[in-house]
Amino acid sequence: MTKCATVSIIGRPSSGKSTFINSICEAKVSITSSIPQTTRNTIKGIYTDTRGQIIFLDTPGIHNSEANLNLKLMEVAKTAIEDCDAILYMIDPKREPGAEENMIVSILSESKRPIVLCINKKDIATDSEIERAKEFLKTAFPSITVHPLCASALEDDGLDEILIALFATAPEGPLLYSEDTRTDQDLEFRISEIIREKTISNLKEELPHSLFVEIADLQYDKAANEVWIRAFINVEHESQKGIIVGKGGTNIRRIRIASFSALKHIFPSAKLQIDLRVKTAPRWRQNEILLKKMIK
0 MTKCATVSII
10 GRPSSGKSTF
20 INSICEAKVS
30 ITSSIPQTTR
40 NTIKGIYTDT
50 RGQIIFLDTP
60 GIHNSEANLN
70 LKLMEVAKTA
80 IEDCDAILYM
90 IDPKREPGAE
100 ENMIVSILSE
110 SKRPIVLCIN
120 KKDIATDSEI
130 ERAKEFLKTA
140 FPSITVHPLC
150 ASALEDDGLD
160 EILIALFATA
170 PEGPLLYSED
180 TRTDQDLEFR
190 ISEIIREKTI
200 SNLKEELPHS
210 LFVEIADLQY
220 DKAANEVWIR
230 AFINVEHESQ
240 KGIIVGKGGT
250 NIRRIRIASF
260 SALKHIFPSA
270 KLQIDLRVKT
280 APRWRQNEIL
290 LKKMIK
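This is the structure in structure tokens:
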């Protein structure tokens, strides 16, 4: 009998959750960035082998802030904890455990779900940093007798051990998705996330939390093998538009080229056209209707 489980990946911002889910699923499922809280939704990544299937939920990083956007992201992460079969708690050993890590421990301690502990980024952490993380986790979760697993999502190192631990907690059941499915995201969402990722990675200014991407037009003519995309990069202030556009349009052109290259992995043989524009959406992070539509 095969096994099937939903696993929520929980951790502080930039602990490597999105990199892990992309590595384990061998596909571009979740966007990545060194900027904290790039992930705004619960992203599903689906792993399948002869043992069964694990549906990974990549959640927004848990961050201690009263900002409206952050509170919405916290709700998403907490819902993922409630809706899963097991939890993969990922910690970055390069950062000393503090108030945010203690807050996560408090949240997870209330859950009755099985928890697998993972120390990520072992490729760049020192032995003393890894040992500090181990001691923190052992103290925080004294009832978990299995030692924390060390891994490097970036280097694909230690992922098999994590899968073994997660399948050990998984209940028996049929596959929920076909064996070749890597994510259940709709096409429009995947496109908007890729453009947002490339916008963030090509900006030197601290704008990532001030922008969002909306797809205004998506035409996919499968018969002609042509794809037409018009997307708006939205910012809060008029002055921020110039930063994204850049002098003589250099930034927006660079963002478009990077987005085009990434989207060719989704449409490898299609004739692809992308029209990128920038507009303002004042105080969008205080817009409850927009946030409910955007964050889920």
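The sequence shown maps to residues 0 to 295 in numbering that gives the first Met the number 0. Yeah, the Cβ is synthetic: ideal placement off N, Cα and C, and Gly gets one too. Note that the structure is a prediction, hence the values are computed from the model and not measured.
Starting from the C-beta of residue i, find all residues in its chain whose C-beta is less than 6 Å away, skip the five residues before and the five after it, and write them out in chain order.
i: E178; result: T47
i: I80; result: S7, S110
i: L136; result: L116, P147
i: H208; result: none
i: D274; result: R229
i: L153; result: T18
i: I194; result: V212, A230, S258
i: D155; result: S22
i: A124; result: P92, K93
i: K16; result: I8, G10, D57, M89
i: E237; result: T279
Given this structure, state the Cα-to-Cα distance separating residue i from residue j, to the nearest angstrom.
i: S258; j: V145; result: 42 Å
i: D122; j: I254; result: 30 Å
i: M89; j: F19; result: 10 Å
i: L165; j: V104; result: 19 Å
i: E171; j: R50; result: 10 Å
i: G87; j: T180; result: Note on identity: in this sequence residue 87 is Leu, with Gly being the wrong assignment. Distance between the alpha carbons of L87 and T180 is about 21 Å.
i: L175; j: S200; result: 34 Å
i: E130; j: D91; result: 12 Å
i: D216; j: E187; result: 9 Å
i: K71; j: Q239; result: 24 Å
i: D183; j: K43; result: 7 Å
i: K77; j: I45; result: 20 Å
i: I54; j: G245; result: 40 Å
i: V28; j: E196; result: 12 Å
i: E95; j: A132; result: 8 Å
i: E128; j: R276; result: 44 Å
i: N119; j: S14; result: 7 Å
i: I294; j: Q52; result: 26 Å
i: T198; j: T138; result: 40 Å
i: M73; j: E99; result: 12 Å
i: R282; j: L202; result: 21 Å
i: V75; j: E287; result: 15 Å
i: A26; j: Y219; result: 22 Å
i: G248; j: S142; result: 57 Å
i: G97; j: S108; result: 16 Å
Identify every residue that forms a DSSP beta bridge with residue i.
i: R276; result: F231
i: Q218; result: W227
i: K246; result: DSSP, once it has assigned bridges, lists no residue as partnering K246.
i: G51; result: K2, D48
i: L210; result: V234
i: R24; result: Reading off the sequence shown, one finds Cys at residue 24, where the question assumed Arg. Beta-bridge pairing links C24 to no other residue.
i: L42; result: Note on residue identity: the sequence assigns Ile, not Leu, to residue 42. According to DSSP, I42 bridges with D57.
i: K270; result: E225
i: L148; result: C117
i: I9; result: Y88
In its own chain, which residues sit with a C-beta less than 7 Å from the C-beta of residue i, not counting the 5 before and 5 after it?
i: L271; result: V226, F259, L262, K263
i: K278; result: F231, N233
i: F266; result: V226
Could you confirm whether any beta carbon from chain D is found closer than 8 Å to the beta carbon of residue i?
i: I86; result: Included in the structure is just one protein chain, with no chain D present.
What is the C-beta distance between residue i and residue j, in whole angstroms, given that I count them as a contact (C-beta under 8 Å)?
i: F140; j: I163; result: With 8 Å as the limit, F140 and I163 do not qualify as a contact, their Cβ atoms being about 19 Å apart.
i: S191; j: A223; result: Not really, about 23 Å apart at Cβ, beyond 8 Å.
i: A269; j: E235; result: The pair is not a contact, with the Cβ atoms about 34 Å apart (cut-off 8 Å).
i: I9; j: T58; result: 6 Å
i: I243; j: N250; result: 6 Å
i: T41; j: P173; result: With 8 Å as the limit, T41 and P173 do not qualify as a contact, their Cβ atoms being about 22 Å apart.
Residues in the same chain with beta-carbon distance under 8 Å from residue i, minus the five sequence neighbours each way, listed in chain order, please.
i: E160; result: L148, A150
i: T168; result: A4, D84, A85, P113, V115
i: L158; result: F19, S22, I23, A150, A152
i: Q285; result: N67
i: L289; result: A280, W283
- Item | Completely contained beta strand (DSSP E) runs for the region 53-134, where each covers 3 or more residues | Runs of the beta strand (DSSP E) inside the region 53-134: 85-90, 114-118.
- [ ] Please list the segments of the alpha helix (DSSP H) lying wholly inside the region 155-193, counting only runs of 4 or more residues, in order along the chain.
- [x] Fully enclosed alpha helix (DSSP H) runs of 4 or longer: 158-168.
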